[in-house]
Amino acid sequence: MAALPDRARPTRQSARSFEVVLPGQLPEADEVLARAQSENFTVAAGVLPYRIRQHLMALYGFARLVDYAGDEACGPREGLLDLLEADLGRAYEGTPRLPLLRAFAPTLRACGIPREVPARLIEANRRDQHVRRYSTFGELLDYCVYAANPIGELVLYIFGRAEPELIRLSDRICSALQILEHCQDITEDFRQDRVYMPSEDLSAFGCDESDLAAPTASAELRGLVWFEVDRAVEMLRAGQPLIARLSGLARMTVAGYVAGGMATARAFRPAGHDPLAVDIRPNRTRMLAEWARLSVAPTTGLGHDRVRDAYRYCERMTRTQARNFYYGIRLLPPVKRRALSAVYAFARRVDDIGDGSLPDEQKLRRLRQARLDLDEVRPDAKDPVLTALADAGRRLPLPLRAFHELVDGCEADVRGTRYETFEQLTHYCRCVAGSVGRLSLGVFGHEVTGTAAQRADALGVALQLTNILRDLLEDRRNGRIYLPAEDLRDFGVSLELDSRGMFTDSPHDLAELVRFQVRRIERWYAEGLRLLPMLDHRSRACCAAMAGIYHELLRHMWNDPGSVTRGRISLPAWQKASVATRSLAGMTS
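Okay, so the sequence shown: first residue is 9 according to my numbering, each after it adds one.
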């Protein structure tokens, strides 16, 4: 919806007595038309003849004026919409009062546009005053019949091609563009108490409306945005034959609108499908390239492959949120790299639920939903991660049931479970990390059975124990203690914090406890790394790189046990890259 500069706020009047526009209630015509520069598409290309450009800009001015009256205007908005509808009637009689309606009147007459078509735009904004939520996608599409589809029909009238079949194709394009705009404007719409994400989809992805008010999108909301964008792209593809049915200037113009939609959809990728944190706008270079291609070859497909896009979603999440693991993952061949990214993306989703700020009951509810989601792993799943996992499972022997153990472990985290013995702790580690080790073994193409599965499990435990030791202070500040209580007693350590959030225990006792844990973790590495000779050389390189980075962290903790009492430690990027390079060189020599 249009967002125009605020103007003077007149005294609110009743809609019944609203007969004139008070100063400042509606923007000036040039302010409205200036918004054309910020649209997802070129409204009226400079190469078009003057007459066509005038018609298109007059249409744009009317549509944005109606949006402003319904979205931004001060005073009785319904009264303003009534006034606009009355002035639209006068435009057909040749006596409009508002400047933008005076500019639109010649277009209405010259192009033979029926009054009910532009009137639907006014009706859409009337609905916005009362309808704030949409239960189903079908309801949202019905809204698009009024809010978006008339624009395409009006464009076809301008070019003299308002034929029933072409209008049906245009409707698909316009509805898609509207859905993309809803995805871009989630925050802005929510501030106006409007939610255009269908309630059924919010529920399916485990999202609450509170997610829409956050500064950044949750994993669940990013998945939902991916799904809605994917659905919009499919609708653009369904409407694409319209371009081929047109010719000349009409083809070029409509191709520009479709190209803008595709460029907008692609702009969600580098933003991680997070429109809450990023102002998502289409890349003009990409838009021009799409525009040129569609204008010349309108029957060429839009190149949309939802499985490929699902993998891209997972790979971006892995690259940005799993920096230690990504150094190893990138050493894999494409099929395995994509599959391991999908495994990580689901595991990260579960971890984020457990580590998030929601109340515990909501966390447990979302974890239960994540468990149910594992039954929805199929190529046509709504969720990009589930779509990618389905394809990975088709290609490789992935033991997807292992994710249930990961959920078990995160549920224990939410409940604040503490561990009396090391055996209890290792059971937890097998759940949250051994499971990922076994899934990784499947990605490497090895059957997840026997000795190989046991060693993958052991390596996962080693990595998790390293994490626990590295994050000792951070976890304690968050109210979590993972080290076994029997070990704490043996070393006379309480892990109590002072007013500064630092350990009160003797540095010597803490150092002895850390070194004891390091020695024990080394034994798990010794067993887990015996998996490497059982893998192909690229998988060995990946596994060695991931384990090597964590093993370096463990050595650092042995050399400086006090480091874990000062905060979380990490390796610099150059050292991680060095480990990955040595792993690849060692496994290919």
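All C-beta atoms, glycine included, are put in the ideal place defined by N, C-alpha and C.
Which same chain residues end up closer than 7 Å to residue i when comparing Cβ atoms and leaving out the 5 residues on each side of it in sequence?
i, result
"V74", "L92, L129, I130, N133"
"T224", "D282, L284, A285"
"L540", "R548, C551, A552"
"Q377", "G214"
"R199", "none"
"G160", "S178, D179, I181, C182"
"R20", "With a pLDDT of only 39 at R20, under the threshold of 50, the placement of this residue in the model should not be trusted; the figure read from the coordinates follows. Closer than 7 Å at the Cβ level, and outside the excluded window around R20, lie G83, P84."
"R409", "none"
Spell out the partners DSSP gives residue i in its beta bridges.
i, result
"L505", "F511"
Pull up the CB-CB distance for residue i and residue j, whole angstroms please, since I reckon it's below 8 Å.
i, j, result
"A99", "G69", "That pair is no contact at about 12 Å."
"Y265", "I181", "7 Å"
"C439", "E413", "4 Å"
"V351", "V444", "7 Å"
"S478", "R576", "One point to set straight first is that residue 478 is Arg, not Ser, in the sequence displayed. So it is a contact: roughly 6 Å between Cβ atoms."
"F605", "F411", "Past the boundaries of the shown model lies residue 605; the chain is included only from 9 to 597, so the question cannot be answered."
"V315", "D383", "That belief does not hold up - the Cβ atoms of V315 and D383 are roughly 19 Å apart, past 8 Å."
"A555", "L473", "Wrong, their Cβ atoms sit about 12 Å apart, outside the cutoff."
"E228", "D219", "7 Å"
"R446", "D465", "6 Å"
"R43", "R72", "6 Å"
Within a Cβ cutoff of 6 Å, which residues of the same chain sit near residue i, ignoring the five residues on either side of it in sequence?
i, result
"T115", "H63, A66"
"I166", "H63, C119"
"F145", "P206"
"L471", "A441, Y558"
"L185", "G269"
"W234", "H281, Y321, P392"
"L480", "V572"
"E504", "T512"
"S597", "Confidence in S597 is poor, its pLDDT being 41 and thus under 50, which makes the residue's placement too unreliable to answer from."
"L601", "Outside the displayed range of the chain (9 to 597) lies residue 601, so it cannot be described from this structure."
"R590", "none"
Is it buried or exposed, residue i, if we count other Cβ atoms within 10 angstroms and call 16 or more buried?
i, result
"T261", "buried"
"L658", "Given a span of 9 to 597 for the chain in the structure shown, any question on residue 658 remains unanswerable."
"E455", "exposed"
"T434", "buried"
"S507", "exposed"
"T429", "exposed"
"Q248", "buried"
"A581", "exposed"
"T512", "exposed"
"Y142", "buried"
"A77", "buried"
"M9", "Only weak support is given to the placement of M9: the predicted model assigns it a pLDDT of 35, under 50, and the question is left unresolved by the model."
"P35", "buried"
"S514", "exposed"
"N567", "exposed"
"Q192", "buried"
"S502", "exposed"
"Q525", "buried"
"R357", "buried"
"V241", "buried"
"S255", "exposed"
"S365", "exposed"
"R259", "buried"
"P104", "buried"
"H516", "exposed"
"Y58", "exposed"
"A221", "exposed"
"A81", "buried"
Can you give me the Cβ contacts of residue i inside the same chain, cut-off strictly under 8 Å, excluding the 5 residues immediately before and after it?
i, result
"G424", "G487, R488"
"P560", "A small fix is needed here, since residue 560 is Glu in this sequence, not Pro. Excluding sequence neighbours, E560 sits near L579, Q583, V587."
"P405", "G450, G453, H454, E455, V456"
"E605", "Limits of the chain in this structure are 9 at one end and 597 at the other, which puts residue 605 out of reach."
"R274", "P290, N291, R294"
"A585", "Y335"
Is there at least one Cβ from chain D nearer than 7 Å to residue i's Cβ?
i, result
"T573", "Absent from the structure is chain D; it holds one protein chain and no more."
Just list the beta strand (DSSP E) runs in the segment 268-299, keeping only unbroken ones of 3 residues or longer that don't cross its boundaries, in chain order.
None, since the segment 268-299 contains no complete beta strand (DSSP E) of that length.
Report the start-end ranges of each alpha helix (DSSP H) in the segment 98-123 that is 4 residues or longer and not cut off at the edges.
Qualifying alpha helix (DSSP H) stretches, in chain order: 107-118.
Let me know the alpha helix (DSSP H) ranges lying completely inside the segment 190-261, each 4 residues or longer, listed in chain order.
Listed in chain order, the complete alpha helix (DSSP H) runs (minimum 4 residues) inside the segment 190-261 are 194-199, 207-212, 227-247, 249-253.
May I have a chain-ordered list of the alpha helix (DSSP H) segments no shorter than 4 residues that lie completely inside the segment 126-181?
The qualifying runs are 145-155, 157-166.
Can you give, in chain order, each stretch of the alpha helix (DSSP H) that sits fully within the segment 407-473 and has at least 4 residues?
DSSP runs (the alpha helix (DSSP H)) wholly in the segment 407-473: 410-422, 430-437, 443-451.
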